[in-house]
Amino acid sequence: MSDAENCSYEDYSSAYKTIFEHLGFNKTDVLTTDIRPVSWSVITNVFVGLYVTSIIDVNEKAQSLTTQVKMITVWYNDLSWWFEDYCGIKTIPVKKSMLWTPDILIKESIKTDFGTKESPYVQINFWGLCISVDILSLTTACKMDLYRFPFDTQICNITLHSAVYTNEELKINPISDNTSLLQDSKDLFQAQGEWELVSINVYEYTSGLLWSSQELLAHQITIKRRPLLYVMNIILPVFVFLVLDVMSFFIDASGADKLSFKVTLLLSVSVLLLILNDTLPSTADKIPLIGIYCSAIFSIIGISILETILVNLLKAKGGEKRAVETTAVERDTNVGDQQSPPDSVGDQHGMQRSLCWIRVARIIDVTFLVLYIITVITFLSVLARIWYQS
Amino acid sequence: MSDAENCSYEDYSSAYKTIFEHLGFNKTDVLTTDIRPVSWSVITNVFVGLYVTSIIDVNEKAQSLTTQVKMITVWYNDLSWWFEDYCGIKTIPVKKSMLWTPDILIKESIKTDFGTKESPYVQINFWGLCISVDILSLTTACKMDLYRFPFDTQICNITLHSAVYTNEELKINPISDNTSLLQDSKDLFQAQGEWELVSINVYEYTSGLLWSSQELLAHQITIKRRPLLYVMNIILPVFVFLVLDVMSFFIDASGADKLSFKVTLLLSVSVLLLILNDTLPSTADKIPLIGIYCSAIFSIIGISILETILVNLLKAKGGEKRAVETTAVERDTNVGDQQSPPDSVGDQHGMQRSLCWIRVARIIDVTFLVLYIITVITFLSVLARIWYQS
Amino acid sequence: MSDAENCSYEDYSSAYKTIFEHLGFNKTDVLTTDIRPVSWSVITNVFVGLYVTSIIDVNEKAQSLTTQVKMITVWYNDLSWWFEDYCGIKTIPVKKSMLWTPDILIKESIKTDFGTKESPYVQINFWGLCISVDILSLTTACKMDLYRFPFDTQICNITLHSAVYTNEELKINPISDNTSLLQDSKDLFQAQGEWELVSINVYEYTSGLLWSSQELLAHQITIKRRPLLYVMNIILPVFVFLVLDVMSFFIDASGADKLSFKVTLLLSVSVLLLILNDTLPSTADKIPLIGIYCSAIFSIIGISILETILVNLLKAKGGEKRAVETTAVERDTNVGDQQSPPDSVGDQHGMQRSLCWIRVARIIDVTFLVLYIITVITFLSVLARIWYQS
Amino acid sequence: MSDAENCSYEDYSSAYKTIFEHLGFNKTDVLTTDIRPVSWSVITNVFVGLYVTSIIDVNEKAQSLTTQVKMITVWYNDLSWWFEDYCGIKTIPVKKSMLWTPDILIKESIKTDFGTKESPYVQINFWGLCISVDILSLTTACKMDLYRFPFDTQICNITLHSAVYTNEELKINPISDNTSLLQDSKDLFQAQGEWELVSINVYEYTSGLLWSSQELLAHQITIKRRPLLYVMNIILPVFVFLVLDVMSFFIDASGADKLSFKVTLLLSVSVLLLILNDTLPSTADKIPLIGIYCSAIFSIIGISILETILVNLLKAKGGEKRAVETTAVERDTNVGDQQSPPDSVGDQHGMQRSLCWIRVARIIDVTFLVLYIITVITFLSVLARIWYQS
Amino acid sequence: MSDAENCSYEDYSSAYKTIFEHLGFNKTDVLTTDIRPVSWSVITNVFVGLYVTSIIDVNEKAQSLTTQVKMITVWYNDLSWWFEDYCGIKTIPVKKSMLWTPDILIKESIKTDFGTKESPYVQINFWGLCISVDILSLTTACKMDLYRFPFDTQICNITLHSAVYTNEELKINPISDNTSLLQDSKDLFQAQGEWELVSINVYEYTSGLLWSSQELLAHQITIKRRPLLYVMNIILPVFVFLVLDVMSFFIDASGADKLSFKVTLLLSVSVLLLILNDTLPSTADKIPLIGIYCSAIFSIIGISILETILVNLLKAKGGEKRAVETTAVERDTNVGDQQSPPDSVGDQHGMQRSLCWIRVARIIDVTFLVLYIITVITFLSVLARIWYQS
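Now the structure itself:
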């Protein structure tokens, strides 16, 4: 055999065959494919690089994260050849069924699919290094906290572990450090959807499996929601409706129009609840702030309608009396002018009473408005603080 | 062969091979893989630990529960070696195709997927104990009772049984007791979605299969819904609309505005019915309480609109008469003042009649309001009692 | 070999092996697995028990039914042993790949999945009876008639037949009669969703396949919808809106409020059409009654609005004239009292004309109302009769 | 061997085995299964019958058609036996892996699933005819034209071709003519959903594949939508709203109520746009007529609101002037009667002006109404013509 | 052996067998199927033609593109025969498992399915050219920019690369140039949905894979959305509502009706937000223009309502004073005419004040209207410019 430069095509072809035969791939042996390589160390070291290349879906209702990941698995096998003897061939692809491959599972995985298909090959280096590259479409369970939705940041784990090997047999190591992993992921990142990839943090830990224990390699993926559409579709409209409700206090006292205005606002908020219902799952002890925001504003508008009805009732009571008296007065003035002085007295008296009612209504109205504005401002500022800073 | 400390890497590697050969895995024999191990007892005991690690979906329409479960299966096989003779190797992984594995099915399962993929290996202990770990994504049929929705608790079963082995051949035992199973499940629990895992209760029973009978291991999983979002999105708004409808009785008598106010409330409840329709399936003889709640309030508001129309009609009748008479009077007073006394009498008479109508309207209004409030309070309190306590 | 009581564990184990060897399972022979057992009869009889254990989904748009079924298949094979000779072993499980199994297809099936996975084993009895149990998740095409939705009953078929065997080669028989099949299905029934299982009716028939013909075993499954939610979410609200529209005739004559009231009703019905659109597919020559119900009521409310506009127009015409005349009169009375008598005459004349318009309006109003109520009652009673009794 | 009547069960059984051995199925030969049968002709003729048994889904957004089809494939193989020599056995089932089967693909297919599972067997006749029956669930791409939705008819192709065989090697022929294919499909048809099967038209053509060319067998499936639900849910309600808008011109001149009436109509049409949005995909240069219908009516109602606002503005201008003058007059008449004659003149003048405005308003109103009705009628009649006749 | 014309069927049949034997397909050799053909060059050249035959789905939320593609793969293998020696047989189909096939993956692929099924055959030419044709249903990740939605053009990549072969081993070349690829794709194009295929641009580049590097073949697919339905369903209605809001300034000053008109417009825009929410995902720093369009118009209408309330408040303040004074005057004129001159003075004074308020209201109204119209026009023209031209 000769080196690369002097190799003819025929030499090249037969060089491949000779390597295959040299490495024993022409005969399948159950023992070679089933026993992990332990020639160099008792613990088989597997290096895994998991790059998040796309965030396909975050399902808050199912509490699941669907990502497209590129997974590079590297491990040493006790196979080798000297490339100069084989036409300079440094790497060869070998069918997975012909040698041992690590059985890596994902702890949180609900569903794992290969992007195209599982590659049937593993690339082997002349000094025994095996490389397997897979593009996976991965759905993993992820505990999500929607408290600060839509300004939330979620942390999801993708934890790799062997199905059966204990920590004395197989160890899964990260192929690169956190910084370069994140950088490479961002370089490969293909989507620009609702979620932004903030960081990938890799750490190892050991967990018990019955009487033995296992090495696990966790990838903590931090993603941040881009909130603009939710702000536009829920928060802004509801806020506009709240402002309109506050301003509706200055609508002319003829209560009915005010009422119809306010009840239409309430109806509009109900329509927006349809959007909220499509978006948010029912969760946890801590109700999402956006739910509190919508419900509180809904209730506030409801209460302000009650107040308007009450004030109108008082005004109407006052107005009614006045009306009765006025018509009485009018009749009096028409019929005769003589009895007017004593009537006038009762009139004054009734007038005062009705004015009293109206005054009460006005006091209630103003007091409520002040309280209302204070409540709204306090509520919104507290909410905003929690939303952005907590 | 030597013990672990004196083993070189080469020794280690060949130790593995020797165990494989010792256990006979270098030659596949149809009989070893197809016959269940009966060397230690006539009944093969299989121990299964089923940990619910995530509740992915509860589909009320399909009456199905989708969970992610971790299933640990342990059984004894009549294979053994003395680890001190083999470099201290206590456990080895063996391909599933090389030995008998229990064929456990899930009775309620509609769909079963492996989280990542089925592990090709089983771990074998030096005294013959086999361990297989699988992460499954499981959709099971579950009889749900939505009567108390959204304050409901559902009980779903995941029942394990062998496909063909009778109870004289194979017995499925729980790997741990209820308490530790629940505790371990909660420790592994990854989701914080709509449902809370309350308890896992394991029990065994025997069921007939044609002329033989089978052992089954049922896991009764109790889950509790977190109702807050439904309270916020349906119950609270509908309640606000009801309160507004009650208060609308105090809207000034000019009926039309009242009517438009009330009919807008009805429209708003219709919008909320859209949310209800998205959420609830059509079920059972016992209609869900939330349906009764929404429908009853819808109907109550409808009836109160009818009452308003009736009262307005009566008032209008009275008012009309008064108006006719008043205009008559006004004309009279304008045209001449002499004929007024006899006219006044008819006026008084008509006035009384019209006042009578108005009085009837008022009595109906008040009576209805009282009845209405009593009905609403009774209805709501009964509903609340059933909802929370039954 | 010895009987069960005297068998040690080792005997037991080797008894299994001996049966396997006795039955020839240690060597795979293409002829044994490919040729149907004909030693006992020319026609191979297969007995199938198909139990419907859950109705997962009924998709009216796709006209498909998704069920979970338990299918027990039993057939005779010309294999046997005398159990007393083999430690009392009466049944053994054998891999499906080792013997002939019937190839049963489902004629209507769109999609068939195994609940957990296909069991790799078949149970064989000492006198040659083979049993295979499968839990299937089955989506079948089903011709649905939605005419009486939501009070409908659907009849779906699940027809079993062999893929290639003619009726002279293979016959599929029911394992039990209709009554016990239905009873067993109901006992196993796990769901309590929208559909109630009414009956399962099994019958056999022969159908031609090119020049040969095949035996088919049809399971006619009758299911009944539980209509309560649809009644609550569509029928009741639309009915309430209809009643309100009828009652709106008694709203005080000031037409505008009446109009706004009625048009809000129409809007509310439009909102409910959203629910209807989500539920019903567009089907067939016979339009579903619920569609007729909603559309008719929608149209009726529309027509009643037209009538209100017409009546208001007439009243306005009358009122306008009266108003013109009244202001004229008022001016007259103010300016001078002398010219009043002749004016009064024109006044009377105009008054009569305007009253005439108003009278016409009233007659139209009352006539329409009567016709309207008659139409509504007739329509609803006819609909109700068709709905419940046909 | 003997004929059917004299055959015992044992003979029967061994007859099967002898045929298998006669045909060479006891030994698998790579050459028999991989080479197409060419003993009778150079071109292998395959006869395919494709029956559409159910239309499961038509997805306009994805432009795909999902059908359940029954596909019967028949071809000749150079295998034969004389049935009288083998107990009268005329047909035997053989595993697909044992002989050559045609590799037929569907050109438009996006997804193909077997209804139950792929039958492992092929039926072979004693004179070499092979029959394979499959029930497929097929999703195919289909160019749809939604211009006339919901009165549209779609034509979808299901084209069969071989993956690699050229037209000199394999020819796919229809098993029956168009008429009987349609008739058989209709007999098997199981669904009664939104679509009606109009015709199946089969034709063959040749298409180039790089330097060779292939025979293709196209099935042109014509399906017709049943439009009733769309008429009821979109077309009818929108039409009712249009009629109401036309009639709203006759609402009493007090513009505000008219406006609120009309804007509610616009809101109702918006709600119906929600239904339209759920149904129609955004397509092509020719916008669907139903989109034109809804948008045009939406715009027409919008324009008529603008007109109402304009007319009201003019009326208000007139009315305002009149009001100013009237109050002036009233004050005059109250304060003193002497200055009235000159005032009266200005009054008359102002009156005329204001009446002039009102007259202009009325002319605009009537003109617009006439134009409006003409436009609407023209638009609707043109639309109806295109919809039904084109 | 003889040429095609003199070949009998038997010769033909045996010619096939002889070619198979000549090429060595009668015995499977692990080395022939696993080693890439290197007889003609060190780098194996693979030619791939990827034709986009249908755009099935573009999911903006998941940022994924689903297409149906036809992929033709061509490569040279060192197998050959002289067709004249074998009955003129120029091409033969061979099972994929019998020879080496390139392992091409798609970099962006989330999911890849075969349209019908993977063809088991490869076509081989007499001079060693292998052709494989596959119809794939492909879901790929695609970075989408929705800034100009619905007038957007998306560029998606489908990049082909080998799983393990480096750029020194395997090179993927396009089978044809860009123009003919686009033309062929358009000829095959089966759908006419929301998206139009604009261009396909093919380019090659090299990317690093750990220490080696790979050849990649990228297909840049440019697709253009057909925006008409979105224009009709969102942009047009929202625009109509904006125009109506502008025109509502000319509604008669009686503020309540104006308010109810305007708030109904706001409610209608809320309903359209439901459609927007269904369509748009929450993305990126650059918020989609359509979101800005809807939100801005929503806010503008909200602000104009606030302005209306303010103006009405001012008017009411003026009107109230006037009313108080007028009633005072009326009483005065009724009670006595002597004190009127001094009262008249105060009256005039109050009148002026109230008129002052009304004047302020009018100035604000007009100023706001002018600003409002300018803002709207500027906003819309800027938006339109960005939308169409950027």
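Protein chains in written order, with the working numbering: chain A, 336 to 725; chain B, 336 to 725; chain C, 336 to 725; chain D, 336 to 725; chain E, 336 to 725. For every residue, glycine included, the Cβ atom is placed at its ideal position computed from N, Cα and C. Quick caveat, the model's predicted, so the values are computed rather than measured.
- Secondary structure within the stretch 563 to 624 of chain E: not one fully enclosed beta strand (DSSP E) run of 3 or more consecutive residues is present.
- For N508/A, no alpha helix (DSSP H) encloses it; the enclosing beta strand (DSSP E) starts and ends at 505 to 509.
- In the DSSP assignment, T436/E falls outside any alpha helix (DSSP H) and carries neither an H nor an E.
- Of all residues in the stretch 427 to 441 of chain B, only D438, L440, I441 place a beta-carbon less than 7 Å from a beta-carbon of chain C.
- Runs of the beta strand (DSSP E) lying entirely within the stretch 392 to 429 of chain E, each at least 3 residues long, are 399 to 411 in chain order.
- Going by DSSP, N513/E is part of the alpha helix (DSSP H) stretching over 513 to 523.
- By the Cβ criterion, the stretch 445 to 462 of chain A is in contact with the stretch 440 to 447 of chain E, since at least three pairs of Cβ atoms, one from each stretch, lie closer than 8 Å.
- Y482/D sits in coil when the DSSP states are folded into three classes, being neither helix nor strand.
- The beta carbon of D592/D falls within 8 Å of a beta carbon belonging to chain C, placing the residue at that interface.
- Annotated as proximal: I644/C and S583/D, with beta-carbon spacing under 8 Å.
- Judged by DSSP secondary structure, T353/E falls within the alpha helix (DSSP H) whose first and last residues are 344 to 358.
- Sixteen is the threshold: when 16 or more other Cβ atoms of the shown chains lie within 10 Å of the Cβ of T379/A, as they do, the residue is buried.
- Contacts between I391/E and chain D, judged by CB atoms closer than 8 Å, involve A397, Q398, S399, I445, A476 in chain order.
- DSSP, read as helix, strand or coil, puts V537/A in strand.
- DSSP, reduced to helix, strand and coil, places T501/D outside both helices and strands of the structure shown, so it counts as coil.
- Taking the Cβ atoms as the reference, I622/A lies roughly 10 Å from F484/A, outside the contact range of under 8 Å.
- Assignment of R561/C by DSSP, reduced to helix, strand and coil, places it in the coil class.
- V604/E is not a Cβ neighbour of L600/A, given a cutoff of 8 Å.
- Each residue's CA atom was taken as its position, placing S415/B and L544/A some 21 Å apart.
- According to the DSSP assignment, T447/E belongs to the beta strand (DSSP E) that extends over 444 to 449.
- Between I535/D and L523/D the beta-carbon gap is near 12 Å, outside 8 Å, which marks them as no contact.
- Of all residues in the stretch 612 to 638 of chain E, the ones placed with a Cβ closer than 7 Å to any Cβ belonging to chain A are N612, L615, P616, S617, T618, A619, I622, G626, S630, F633, S634, G637, in chain order.
- Between the stretch 431 to 445 of chain C and the stretch 491 to 508 of chain C, the count of Cβ pairs shorter than 8 Å is three or higher; the stretches touch.
- Under the criterion of beta carbons closer than 8 Å, L473/A and V404/A qualify as touching, at roughly 5 Å.
- Annotation: Cβ neighbours of A498/B in chain C (cutoff 7 Å, chain order): S454, Y456, V468.
- The beta carbon of T353/B sits no closer than 8 Å to any beta carbon of chain A.
- For I441/A, the closest C-alpha among the options L471/B, N460/B, V429/B is that of L471/B.
- Taking all protein chains in view, the Cβ of K362/E is surrounded by fewer than 16 other Cβ atoms within 10 Å, so the residue is classified as exposed.
- Taking the C-beta atoms as reference points, V581/A is found no nearer than 8 Å to I709/A.
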